[in-house]
Amino acid sequence: MKIQPFKVEEWMNAYEDSAIYNIAETCVDPLSIRELFELTATDIEDFTERIFERPLTYGAITGSHSFKTGICKLYRSLKPDNILSTHGAAGANHLVFYALTEPGDHVISVKPTYQQLYSIPESFGAEVQILKLRRESNYLPDLAELKEMIRPDTKLICLNNPNNPTGALIPNEMLRKVVEMAENVGAYVLCDEVYRGLNQNHEYTESVADLYERGISVGSMSKIFSLSGLRLGWIATHNQEVIKACFSHRDYSLISCGILDEAVASEALKNGSAVFNRNLTRIRENLAILDSWIREQPHVSYIKPRAGTTALIHYDFDIPSYDFCKQLLDKTGVFLTPGACFDEEYCFRIGYACATQTLKDGLQKLTEFIDGLSENGVIQ
Ligand SMILES: Cc1ncc(COP(=O)(O)O)c(C=O)c1O
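Numbered according to the working numbering, the sequence shown spans residues 1332 to 1711.
Written as structure tokens, this is what we have:
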């Protein structure tokens, strides 16, 4: 089965290891187990004793009870039976499409976003229509356009909220309207919610799984809990047919997630607010640093993110984004992601939730690089 190359992952695979200042990452500064257990006040000896004595079986096939109970706390109305553990959110998105999409199905997906959300259904033969997120609309979906696109046979509407790469946050009212439109034709709404809760202000962001019976939320330990090395995510939905279909397909590709991963994740979830508060502080402080840098730079501009860990930053140099980012990496060791990975040009994605010093140093080097470009006069 053919599939488009995953541009952002190919870029990361090729160059990430040569970065000195990695400001391309989307996770909030990853935690070691020691740091995690300090934050969550977990007794390390007690934990290792429990884990060391435990036979390394497959564990609970659909996800351990403590893991699934912990995940339920992130939603208003879900029970452990509504959760299926997966190999990261990447595994969750893949599984939803694998279980639900058939050749010819009508699927609507936003763009720019994580490429899984349009390239996987396309690879399964679905007719994928793109709902473009535009800069002039603050990268929010245009509901009139969406209304035009929806058909009586629309199977699935795919959102990513908060959005990677733009940091846009769909307001709850707008999300409810999307759900209403989907409900009118019985379409599923798959919302990739891996950054949900990482908001710049204090508002609560609704999950599509709480708002709609056919809403499917995808989440992960990677971003909001800074534990991407666990490779643990989940599918959350009230719809038992979806859970059943995903479970049945999952038997062929996963069997179960790892019990060590689930045990560590359960500790993070037991005292989730400790990790969460650390991460909220990081994204808010770091965005303030990025925002004042943007204000000082005459050659760059952005729509300030309202949530998540990334921003899409436009520049006025006549240099395609792959070249811009490759030259920057070669000359300075600063690693960004080209906008072209999201089919956007003359821009790059920055991941600002890294260690604060890395962000500061990276921006300093980026300033020197940009100053060099403006001296050479390659303005658009
Ligand atoms: C929107 C989105 N979905 C899914 C993923 C994959 O996350 P995970 O590490 O949980 O597989 C990413 C990773 O960058 C992402 O940005």
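Where a beta carbon is used, it is the ideal one built from N, C-alpha and C, also for glycine.
Predicted, not measured: the structure shown is a model, and the values here were computed from it.
Does the Cβ-Cβ distance between residue i and residue j come in under 9 Å?
i	j	result
Phe1673	Tyr1646	no
Val1510	Val1549	no
Leu1621	Val1595	no
Leu1500	Asn1530	yes
Leu1405	Leu1521	no
Asn1515	Ile1481	yes
Thr1393	Ser1416	yes
Tyr1429	His1533	no
Pro1443	Glu1675	yes
Spatial neighbours of residue i within its chain, please: C-beta separation below 7 Å, excluding the five flanking residues on both sides.
i	result
Cys1685	Asn1353, Ile1354, Glu1356, Asp1360
Arg1466	Ile1634
Arg1507	Leu1542
Note down the Cα distance separating residue i from residue j, rounded to an integer number of angstroms.
i	j	result
Met1552	Pro1651	34 Å
Gly1693	Val1427	37 Å
Cys1588	Gly1401	16 Å
Phe1700	Ile1488	41 Å
Ile1586	His1630	51 Å
Val1441	Leu1477	10 Å
Glu1627	Leu1690	16 Å
Thr1687	Glu1347	19 Å
Phe1607	Glu1706	43 Å
Thr1497	Leu1542	24 Å
Ser1597	Leu1563	11 Å
Tyr1519	Arg1545	5 Å
Tyr1683	Leu1667	10 Å
Pro1434	Ile1451	12 Å
Ala1513	Gln1658	44 Å
Verify the contact flag: residue i, CB atom, against every heavy atom of ligand 1, threshold strictly below 8 Å.
i	result
Val1606	no
Ser1440	no
Val1709	no
Tyr1519	no
Thr1536	no
Asn1424	yes
Ser1553	yes
Val1549	yes
Gln1526	One point to set straight first is that residue 1526 is Tyr, not Gln, in the sequence displayed. Under cutoff, so the answer is yes.
By Cβ distance, which residues of its chain are closer than 6 Å to residue i, with the 5 residues on each side in sequence left out?
i	result
Ala1457	Thr1432, Asp1436, Val1438
Lys1554	Cys1358, Val1525, Tyr1526
Ala1671	Ser1652, Tyr1653
Pro1493	Leu1500, Tyr1526, Ala1638, Gly1639
So, at 8 Å on beta carbons, what are the nonlocal neighbours of residue i in its own chain, with the 5 sequence-adjacent residues on each side left out?
i	result
Tyr1445	Val1339, Asn1424, Asn1491, Asn1495, Asp1523
Gly1390	Ser1587, Cys1588, Gly1589, Ile1590, Glu1593
Ile1574	Asp1412, Asn1413, Leu1415, Ile1566, Thr1568
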